[in-house]
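Trainee: Residue numbers (the numbering used here), protein chains in the order written: chain F, 11 to 254; chain Z, 151 to 196; chain H, 74 to 289; chain E, 35 to 258.
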Amino acid sequence: MRSDVTTRVLGTLSIAALALLAVMALVVTPADVNQLDAVRLIYIHVPLATVMYAAFGVTAVASVLYLLPRTRARKWDVLAGAAAEIGVVFTGLVLVTGSIWGRTTWGVWWTWDARLTTTAVLFVLFLGYLALRRVGGDPDTQARRNSIAALAAGIDLPIVHKSVEWWRTLHQKSSLLDEETFLHPHIHGSMYWTVMLGIGAFLLLFAWLLIHRYRLAKLEDRIEDEDLERALAERRAEALTGSP
Amino acid sequence: MTHVGYLIAGYGATFAVLASYAAWIVSKKRALARELPPEERDPRWP
Amino acid sequence: MAGKDLRIELRSRVATNQVGPFALLVLILFAFALDPDRGVLGQAAAGLFWVAVLFCALLAIQRSFAVESTDGARDNLRLSGLDPAGIFLGKAAAVAAELAALEVILGTGVVVLYNRSLHGPVLLVVTCVLATIGLAAAGTLYGALAAGLRVRETLLPLLLLPVVAPVLLAATRASEAALGTGSGDGWAWVRLLGVFAVIYVAFGVVAFGPLLEESS
Amino acid sequence: MDSVVVHLHAAVSLLGRFPALAGVDLDVAAGEVVLMQGPNGAGKTTLLRMCAGLVPVVDGEASVLGHDLRRDRRSVRRHVALLGHATGLYDDLTVADNLRFVARATRTASPVSVDDALSRLGLAGRLASVQAFRLSAGQRRRVAVAALLLRSADLWLLDEPHAGLDADGRERLDQLVADAAGAGTTVLVASHELDRARALASRVVTMAGGQVRANTPAGVVGVA
Numbered sequence: 011m012r013s014d015v016t017t018r019v020l021g022t023l024s025i026a027a028l029a030l031l032a033v034m035a036l037v038v039t040p041a042d043v044n045q046l047d048a049v050r051l052i053y054i055h056v057p058l059a060t061v062m063y064a065a066f067g068v069t070a071v072a073s074v075l076y077l078l079p080r081t082r083a084r085k086w087d088v089l090a091g092a093a094a095e096i097g098v099v100f101t102g103l104v105l106v107t108g109s110i111w112g113r114t115t116w117g118v119w120w121t122w123d124a125r126l127t128t129t130a131v132l133f134v135l136f137l138g139y140l141a142l143r144r145v146g147g148d149p150d151t152q153a154r155r156n157s158i159a160a161l162a163a164g165i166d167l168p169i170v171h172k173s174v175e176w177w178r179t180l181h182q183k184s185s186l187l188d189e190e191t192f193l194h195p196h197i198h199g200s201m202y203w204t205v206m207l208g209i210g211a212f213l214l215l216f217a218w219l220l221i222h223r224y225r226l227a228k229l230e231d232r233i234e235d236e237d238l239e240r241a242l243a244e245r246r247a248e249a250l251t252g253s254p
Numbered sequence: 151m152t153h154v155g156y157l158i159a160g161y162g163a164t165f166a167v168l169a170s171y172a173a174w175i176v177s178k179k180r181a182l183a184r185e186l187p188p189e190e191r192d193p194r195w196p
Numbered sequence: 074m075a076g077k078d079l080r081i082e083l084r085s086r087v088a089t090n091q092v093g094p095f096a097l098l099v100l101i102l103f104a105f106a107l108d109p110d111r112g113v114l115g116q117a118a119a120g121l122f123w124v125a126v127l128f129c130a131l132l133a134i135q136r137s138f139a140v141e142s143t144d145g146a147r148d149n150l151r152l153s154g155l156d157p158a159g160i161f162l163g164k165a166a167a168v169a170a171e172l173a174a175l176e177v178i179l180g181t182g183v184v185v186l187y188n189r190s191l192h193g194p195v196l197l198v199v200t201c202v203l204a205t206i207g208l209a210a211a212g213t214l215y216g217a218l219a220a221g222l223r224v225r226e227t228l229l230p231l232l233l234l235p236v237v238a239p240v241l242l243a244a245t246r247a248s249e250a251a252l253g254t255g256s257g258d259g260w261a262w263v264r265l266l267g268v269f270a271v272i273y274v275a276f277g278v279v280a281f282g283p284l285l286e287e288s289s
Numbered sequence: 035m036d037s038v039v040v041h042l043h044a045a046v047s048l049l050g051r052f053p054a055l056a057g058v059d060l061d062v063a064a065g066e067v068v069l070m071q072g073p074n075g076a077g078k079t080t081l082l083r084m085c086a087g088l089v090p091v092v093d094g095e096a097s098v099l100g101h102d103l104r105r106d107r108r109s110v111r112r113h114v115a116l117l118g119h120a121t122g123l124y125d126d127l128t129v130a131d132n133l134r135f136v137a138r139a140t141r142t143a144s145p146v147s148v149d150d151a152l153s154r155l156g157l158a159g160r161l162a163s164v165q166a167f168r169l170s171a172g173q174r175r176r177v178a179v180a181a182l183l184l185r186s187a188d189l190w191l192l193d194e195p196h197a198g199l200d201a202d203g204r205e206r207l208d209q210l211v212a213d214a215a216g217a218g219t220t221v222l223v224a225s226h227e228l229d230r231a232r233a234l235a236s237r238v239v240t241m242a243g244g245q246v247r248a249n250t251p252a253g254v255v256g257v258a
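1. Between the Cα of V33 (chain F) and those of F:G208, F:H222 and F:L213, spot the shortest distance and give me the residue it belongs to.
2. Tell me where the beta strand (DSSP E) around E95 (chain E) begins and ends.
3. Look up A158 (chain E) in the DSSP assignment and give the residues it is bridged to.
4. Does any residue of chain Z have a CB that is nearer than 8 Å to the CB of R18 (chain F)?
5. Per DSSP, what kind of secondary structure is G277 (chain H) in: helix, strand or coil?
6. Closest to G87 (chain E) by C-alpha separation, out of E:R154, E:K78 and E:V98, would be which residue?
7. Closer than 8 Å by beta-carbon distance: list the chain A residues that pair up with A261 (chain H), in chain order.
8. Whole-angstrom Cβ separation of A45 (chain E) and V58 (chain E), contact assumed at under 8 Å?
9. Might you give, ordered along the chain, the residues of its own chain that have their beta carbon closer than 8 Å to the beta carbon of T128 (chain E), omitting 5 neighbours on each side?
10. Give the straight-line distance between the Cα atoms of V279 (chain H) and D258 (chain H), rounded to the nearest whole angstrom.
11. Are three or more beta carbon pairs between the region 120-133 of chain H and the region 144-157 of chain H nearer than 8 Å?
12. Would you list, in chain order, the members of the region 219-243 of chain F that have their beta-carbon closer than 8 Å to a beta-carbon of chain E?
13. Can you find a C-beta in chain F that's less than 8 Å from the C-beta of E249 (chain H)?
14. Under 8 Å between the Cβ atoms of R113 (chain F) and L157 (chain Z)?
15. So R246 (chain F) contacts chain E; which residues on that side make the cut at Cβ distance below 9 Å?
16. Out of E:D61, E:R175 and E:A235, which has the shortest C-alpha to C-alpha gap to V38 (chain E)?
17. From R107 (chain E) to L132 (chain H), what does the alpha carbon distance come to, in whole angstroms?
18. List the residues that DSSP assigns as beta-bridge partners of W116 (chain F).
19. Provide the residue span of the alpha helix (DSSP H) that contains Q116 (chain H), from first to last.
20. What number of angstroms, rounded off, separates the C-alpha of V177 (chain E) from the C-alpha of V177 (chain H)?
21. Would you mind telling me which residues of chain Z sit closer than 7 Å to L255 (chain F), beta carbon to beta carbon, in chain order?
22. Starting from G193 (chain H), trace the alpha helix (DSSP H) both ways and give me its first and last residue.
23. Name the residues in the region 74-100 of chain E whose C-beta lies less than 7 Å from a C-beta of chain F; which are they?
24. Using CA coordinates, which residue listed in H:L265, H:L233, H:V185 and H:G267 is at the minimum distance from A118 (chain H)?
25. How is T220 (chain E) classed by DSSP in three states: helix, strand or coil?
26. Would you be able to state if there are at least three C-beta pairs under 8 Å between the region 95-112 of chain F and the region 149-164 of chain F?
27. From L20 (chain F) to D14 (chain F), what does the alpha carbon distance come to, in whole angstroms?
28. When you check each C-beta in the region 162-184 of chain Z against every C-beta of chain F, which residues fall closer than 7 Å?
29. Could you check whether the region 231-242 of chain H touches the region 162-177 of chain F, counting it as contact only if at least three pairs of C-beta atoms, one from each stretch, sit closer than 8 Å?
30. I need the boundaries of the alpha helix (DSSP H) containing D131 (chain E), first residue and last residue.
31. Is the number of C-beta pairs between the region 235-249 of chain F and the region 26-41 of chain F that are closer than 8 Å three or more?
32. Can at least three beta-carbon pairs, one atom from the region 174-194 of chain E and one from the region 149-158 of chain E, be found at a separation below 8 Å?
33. With distance defined between alpha-carbon atoms, name the residue in H:V99, H:V202 and H:L229 nearest to S67 (chain H).
34. Taking CB distances under 8 Å as the criterion, tell me whether G93 (chain H) reaches chain F.
35. Whose Cβ in chain Z lies nearer than 7 Å to the Cβ of D42 (chain F)?
36. Using 10 angstroms around the beta-carbon of F212 (chain F), count the other beta-carbons present and answer buried if the total reaches 16, otherwise exposed.
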């Protein structure tokens with residue numbers, strides 16, 4: 011089957027890329043002058059964050075497409091849901107790797123670094139979105155509500171980002187230990203390419219996950235439609251037997 | 151090699167979570183697929 | 074629409090009898106928690122004020138949509154000639170009015186209980202106005218989103234609080250600048266509040282129509 | 035007004051995931067009073083709400099007063115008056131306030147003044163200033179009917195309107211329905227009060243399992 015080839019290729023490609031990344035990140039690239047080897051966490055932390063934004067980007071675009079009457083189709087809502095779920099998984103990982111990194115440099119599990127804080131708000135925001143998706147109701151109204159919620163969360167993102175950044179940079183001037191230089195050390199040469207490799211690898215993985223998650227959601231939808239057809243048939247039978 | 155523990159934790163957690171998430175998707179897809187007539191089993195890309 | 078909501082509040086006195094006293098109670102509880110003598114209370118006064126306002130906003134919004142939750146009421150709203158944007162602005166205005174009244178009560182509460190003096194009153198008033206509009210708009214939008222759903226009591230806070238987090242942040246920083254307890258330029262934060270308010274009023278006006286259609 | 039007010043062909047409508055209407059065929063001409071009967075759960079309420087444009091039509095054809103409900107179901111709402119099971123009153127508001135809100139909320143000028151509507155339902159005087167939650171079910175039903183009068187509607191959709199009304203209330207309601215039909219308003223009423231409702235109706239429709247099973251002129255001895 012055609013499409014199974016693409017996912018298989020995509021799957022093997024992303025695994026190969028991730029393996030290469032691991033080697034490059036843990037062995038080949040040099041340690042950082044201040045952080046020593048802890049800097050190696052950047053090779054997964056930054057790519058995870060990139061995919062996080064990509065996933066929520068897909069959700070936002072799909073939600074807009076669903077809301078536009080011309081392009082309205084259930085598949086967009088299904089895609090939005092699939093991408094959002096993957097996005098939340100990646101956001102969780104960004105927070106985990108971020109806090110581990112914080113631990114290595116300040117001995118504390120959580121630093122109110124602008125980007126980490128924004129990610130935390132994003133995490134809760136889209137957990138709410140996923141909760142809303144599971145509430146149920148008839149497909150059309152449910153899909154419309156999901157799309158509006160996704161956009162409402164989407165337009166909130168830049169505001170959260172801006173406010174948190176101001177908050178941290180204002181605070182920053184006073185503290186000696188400048189979180190900025192530590193969490194975003196100057197990367198050069200092979201380190202830069204490894205981060206790029208990381209982003210590429212994780213994007214491939216994201217594509218693979220999205221296709222499969224999308225198909226799973228389509229199946230779930232189809233099974234719901236099956237139940238609907240059966241209910242419709244039973245309902246029609248009711249009329250013949252004269253019960254309510 | 152410093153912070154080895156943290157590196158293992160970071161990389162380990164990331165790959166473990168992603169691998170199990172991928173496995174969960176595939177297994178659930180197989181489980182649901184059995185309930186559907188074969189020709190509808192693998193819906194194409196939109 | 075706003076008239077109707079406000080008249081409901083006047084008749085039922087829920088806001089004045091329950092939400093107002095609740096707000097003051099929250100202030101007192103904060104005082105217990107933060108032991109006034111060590112001065113922490115004074116420093117955190119602005120933050121505590123806005124956290125209290127946030128929770129009162131949640132209550133006001135849940136009340137505002139509980140009123141509409143009877144099946145008949147929602148049908149009547151849809152059947153009436155009012156267009157959705159009007160309903161949104163009306164309900165948001167009513168929530169904003171209630172919040173404004175609450176802020177006055179809370180404001181005096183903070184000044185009295187936490188003995189804060191007002192340095193930049195103009196900045197403080199502008200901050201309160203913009204933050205209130207933002208909270209009312211986003212709240213009414215999410216109130217409609219969650220209205221009519223089985224789990225709306227728990228869903229509304231989960232959906233709304235992350236969205237209004239920047240309002241809490243900006244309003245607190247701006248208020249601190251006004252109360253003299255914080256550093257930095259309060260007016261930058263006020264501009265952010267303004268942007269938030271404009272965006273969510275506009276989004277609410279557009280999105281309220283389809284939302285009213287939901288939970289048939 | 036063109037002749038056919040309501041045209042439904044194989045119309046399907048969902049309540050959540052449940053196919054409340056599974057293919058309804060019905061045509062109602064202007065000025066007709068059509069009585070709908072049938073067991074609970076036969077889909078009577080959903081049919082009325084669908085005609086009012088409140089519930090999406092998922093399949094088949096459905097047009098009311100010339101508005102195609104599948105394309106746009108909001109525009110029909112201004113020309114329709116629905117009296118549902120739930121009266122939809124605001125409990126904290128007084129009777130008069132409730133009606134004033136309904137009058138102000140309808141874009142078109144209401145054909146009857148609030149006081150006039152109140153008196154027609156025997157609610158004038160002390161009752162008008164009572165808060166809705168203090169009223170009995172029958173009184174709330176009267177206020178809901180009064181609200182109906184405030185809307186200039188070409189089509190009345192009544193869902194068991196007699197429920198809860200006392201003898202005087204039913205008398206007044208029947209009179210209102212007769213006046214409305216006389217003035218050319220089309221009325222679709224779902225009711226279990228067969229004797230009373232049939233006296234008003236020009237046609238009787240029997241529903242079951244979300245479909246119309248029988249559709250006979252009222253003159254003929256009614257199908258059980």
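Just so you know, even glycine gets a beta-carbon here, dropped at the ideal spot from N, CA and C.
Mentor: On the basis of the supplied data:
1. That would be F:G208, whose Cα lies nearest to the Cα of V33 (chain F).
2. Element bounds for E95 (chain E): V91 to V98.
3. Answer by DSSP bridge pairing: none, since A158 (chain E) is not bridged.
4. no
5. helix
6. E:V98
7. Included in the structure are the protein chains F, Z, H and E, with no chain A among them.
8. 5 Å
9. A162, S163, V164, Q165 and A166
10. 33 Å
11. no
12. E234, D237, L238, A241 and L242
13. no
14. Going by beta carbons, R113 (chain F) and L157 (chain Z) fall outside the 8 Å limit.
15. P53, A56, G57, G243, G244 and Q245
16. E:D61
17. 33 Å
18. Note: W116 (chain F) sits in no beta bridge, so no partner.
19. V113 to A139
20. 38 Å
21. Since the displayed chain F opens at 11 and closes at 254, residue 255 (chain F) lies outside it and no answer follows.
22. Looking at the DSSP string, G193 (chain H) is not in any alpha helix (DSSP H), and its letter there is neither H nor E.
23. For the region 74-100 of chain E, which is checked against every Cβ of chain F, the residues closer than 7 Å are N74, G75, A76 and P90.
24. H:V185
25. T220 (chain E): strand per DSSP, three-state reduction.
26. Counting C-beta pairs closer than 8 Å gives fewer than three between the region 149-164 of chain F and the region 95-112 of chain F, which falls short of the contact rule.
27. 10 Å
28. Those residues of the region 162-184 of chain Z that come within reach of chain F (Cβ to Cβ, closer than 7 Å) are A163, T164, V167, L168, Y171, A172, I175, V176, K178, K179, L182 and A183.
29. Judged by Cβ distances under 8 Å, the region 231-242 of chain H makes contact with the region 162-177 of chain F, as three or more pairs qualify.
30. V129 to A139
31. no
32. These segments touch.
33. A question about residue 67 (chain H) goes unanswered here, because the residues of chain H that appear run from 74 up to 289.
34. no
35. In chain order: nothing, as chain Z lies at least about 10 Å away.
36. By the neighbour-count rule (16 or more Cβ atoms within 10 Å), F212 (chain F) is buried.
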